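Using the numbering used here, the first residue of the sequence shown is number 9, and each one after it goes up by one.
All C-beta atoms in this analysis are idealised placements derived from N, C-alpha and C, irrespective of residue type, glycine included.
As the structure is a prediction and not an experimental result, all values here were calculated from the model.
Please read the structure below before turning to the comments.
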Amino acid sequence: MKKVISILLAVVLIFSGVVFASAKTGTTLQFDENGQFKILVLADIQSGYPVGEALKAYIAEAIDASEPDLVVFLGDNIMGSDDKSEERYWMGYDEVLTILEDKNVPFTLVFGNHDDESMPTITKEEMLRKYQSFNGCLAYDADPSLHGCATHNLPILSSDGTKIAYNLWMFDSGDYVFNEDGSRNGYDCVRADQIEWYKQTSENLQALNGGEVVPSMAFQHIITQEATQAVMFSLPFQLGAITRNFSDGTSATYLPNYFAFEGLLGEAPCPSLENEGQWDAFVERGDVVACFFGHDHKNNFSVNVNGVDAVSVPGTTFRSYRSVTEQGSLVITLDESDLSTYSTENLYTSDLAVKEGSNIPNQEHSESVINYKFRTFARFLAHGILDVLRGLFARIPVPYTVK
9 MKKVISILLA
19 VVLIFSGVVF
29 ASAKTGTTLQ
39 FDENGQFKIL
49 VLADIQSGYP
59 VGEALKAYIA
69 EAIDASEPDL
79 VVFLGDNIMG
89 SDDKSEERYW
99 MGYDEVLTIL
109 EDKNVPFTLV
119 FGNHDDESMP
129 TITKEEMLRK
139 YQSFNGCLAY
149 DADPSLHGCA
159 THNLPILSSD
169 GTKIAYNLWM
179 FDSGDYVFNE
189 DGSRNGYDCV
199 RADQIEWYKQ
209 TSENLQALNG
219 GEVVPSMAFQ
229 HIITQEATQA
239 VMFSLPFQLG
249 AITRNFSDGT
259 SATYLPNYFA
269 FEGLLGEAPC
279 PSLENEGQWD
289 AFVERGDVVA
299 CFFGHDHKNN
309 FSVNVNGVDA
319 VSVPGTTFRS
329 YRSVTEQGSL
339 VITLDESDLS
349 TYSTENLYTS
359 DLAVKEGSNI
369 PNQEHSESVI
379 NYKFRTFARF
389 LAHGILDVLR
399 GLFARIPVPY
409 TVK
């Protein structure tokens with residue numbers, strides 16, 4: 009009976025303009041019998057053919073350790089091949105996504121700035137079709153007229169299959185903003201048309217849910233202005249080159265306010281200097297509990313901004329720059345008994361690599377077990393010092409509060 013109800017609900021969602029499942033697999037996302045749903049977030053894997061053995065081992069071992077119901081690739085996913093050819097570029101997808109196919113784990117994705125430039129002769133629409141050729145891919149382009157590609161949402165059914173219990177938003181945050189002369193003017197952001205799509209779809213979900221807002225979380229590659237200003241000492245004015253200057257006349261300094269957030273910040277966040285109102289829309293709609301970002305590989309923090317958590321996920325990459333202490337991925341656990349919140353756990357590379365039988369150490373772009381043990385010690389020390397300082401000084405006021 010529950011299966012019949014689930015199918016009927018899926019049909020209603022589709023005809024309401026809310027895509028519910030992968031056309032290729034028919035996969036329906038649903039809380040398990042214990043009322044839980046797990047998401048494994050892989051940010052910035054940044055690898056292309058040949059994909060290193062260490063990364064492949066990490067992805068497989070992270071899936072085994074977390075047993076996720078869904079994997080989210082958080083942008084900067086598959087890079088160019090060793091010989092820059094299109095043929096070998098596509099082989100990078102085969103190496104990574106076959107791991108998920110073999111483990112029968114559904115996945116979705118957002119694009120990052122490097123996805124767009126990793127193979128200039130290939131469009132993101134073509135990339136999306138390649139992802140969709142793999143079993144378990146739930147990503148789709150909700151409205152091809154919107155900025156970017158593969159902005160979409162994925163509802164999650166309640167454990168009894170009778171209603172939409174939760175929703176996941178995937179936003180393409182673009183790549184770069186260009187000046188009239190063709191030069192770059194920083195990174196891009198989620199645009200107004202995508203925001204309007206989000207608000208309309210959110211309202212549709214609310215109507216299908218008997219008028220109650222459907223709790224949700226969002227995923228995108230590039231961090232927002234509001235999140236950046238919340239973790240850095242920020243100002244209501246600009247100071248030229250010594251501040252990161254936003255289009256609304258405010259700025260963020262390059263000095264982190266460690267007492268305003270939880271976690272560790274290893275580099276200054278790199279947001280767009282433009283802002284078309286995405287965070288305001290989240291606050292207005294009241295459905296988004298948290299938004300998760302990649303892009304800044306060394307950052308691993310969470311901060312609440314006007315009632316919505318901004319969470320920076322550390323980079324998984326073995327081939328690009330990475331943090332000594334924070335490299336890994338993030339596991340998000342949702343509990344149906346209280347969907348106003350969520351729990352997270354970092355799956356640090358160093359923790360998995362020192363486990364007996366791990367295939368992560370001693371590979372190309374990887375390190376020895378001894379080095380991974382040192383990474384764990386360094387992380388324990390860094391986080392321990394911050395915890396002590398935060399306990400001693402509590403939270404200090406930020407000179408400029410984001411409105």
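Local conformation of residue 317 per DSSP, three classes: strand
Tell me whether residue 119 is buried or exposed, calling it buried when 16 or more other Cβ atoms sit within 10 Å of its Cβ. buried
Which of the three DSSP states is assigned to residue 383 in this structure? helix
Please go through the stretch 208-265 and give each complete beta strand (DSSP E) segment of 3 or more residues, from N-terminal end onward. 224-228, 240-243, 259-264
Note down the Cα distance separating residue 44 from residue 293, rounded to an integer number of angstroms. 25 angstroms
Decide if residue 353 is buried, meaning its Cβ has at least 16 other Cβ atoms within 10 Å, or exposed. exposed
Label residue 244 either buried or exposed according to how many other C-beta atoms from any shown protein chain fall within 10 Å of its C-beta, with 16 as the threshold for buried. exposed
Closer than 7 angstroms by C-beta to residue 376: which residues in its own chain qualify, once you throw out the five before and the five after it? Chain order, please. 369, 370
For the beta strand (DSSP E) that residue 199 lies in, which residues bound it at each end? That residue, residue 199, is in no beta strand (DSSP E); it is neither H nor E in DSSP.
Give every residue of the same chain whose Cβ lies closer than 6 angstroms to the Cβ of residue 356, excluding the five residues on either side of it in the sequence, and list them in chain order. 336
Tell me the rounded alpha-carbon separation between residue 46 and residue 107. 18 angstroms
8 angstroms Cβ cutoff met for residue 316 and residue 291: yes
Quick check: residue 311 and residue 235, are their CB atoms within less than 8 angstroms of each other? yes
From this set, 58, 358, 38, which residue's C-alpha is nearest residue 170's C-alpha? 38
As an exercise, report each continuous beta strand (DSSP E) stretch of at least 3 residues that is fully enclosed by the stretch 283-334, in chain order. 296-301, 308-313, 316-320
Beta carbon proximity, residue 363 to chain C, threshold 8 angstroms: No chain C appears in the structure shown, which is made up of a single protein chain.
So for residue 363, helix, strand or coil by DSSP? coil
Using a 10 Å radius around the Cβ and a threshold of 16 neighbouring Cβ atoms, would you call residue 153 buried or exposed? exposed
Would a C-beta distance cut-off of 8 angstroms place residue 280 and residue 185 closer than the cut-off? yes
With a threshold of 16 other CB atoms inside 10 Å of the CB of residue 165, please say whether the residue is buried or exposed. buried
Entirely within the stretch 71-114 and at least 4 residues each: give me those alpha helix (DSSP H) ranges in chain order. 94-110
From residue 303 to residue 226, what distance separates their C-alpha atoms? 15 angstroms
Residue 195 vs residue 138 beta-carbon contact at 8 angstroms: no
For my contact list, residue 87 and residue 56 are in at a C-beta cut-off of 8 angstroms; report their separation, rounded to the angstrom. 4 angstroms
So the alpha helix (DSSP H) residue 155 belongs to, where does it begin and stop? Unbroken run through residue 155: none, as it is neither H nor E.
What's the call for residue 218, buried or exposed, on a 16-neighbour Cβ count within 10 Å? exposed
What separation, rounded to the nearest whole angstrom, lies between the Cα atoms of residue 30 and residue 145? The pLDDT assigned to residue 30 is 43, lower than 50, so where the model puts this residue is not dependable, and the model offers no usable value.
Is residue 215 buried or exposed, if buried means 16 or more other CB atoms sit within 10 Å of its CB? exposed
What does the Cβ neighbour count give for residue 35, buried or exposed, with the cut at 16 atoms within 10 Å? buried
Is residue 393 helix, strand or coil by DSSP? helix
How would you label residue 389, buried or exposed, when you count the other beta carbons within 10 angstroms and need 16 or more for buried? exposed
Is residue 272 helix, strand or coil by DSSP? strand
Three or more beta-carbon pairs under 8 angstroms between the stretch 383-398 and the stretch 266-283, yes or no? yes
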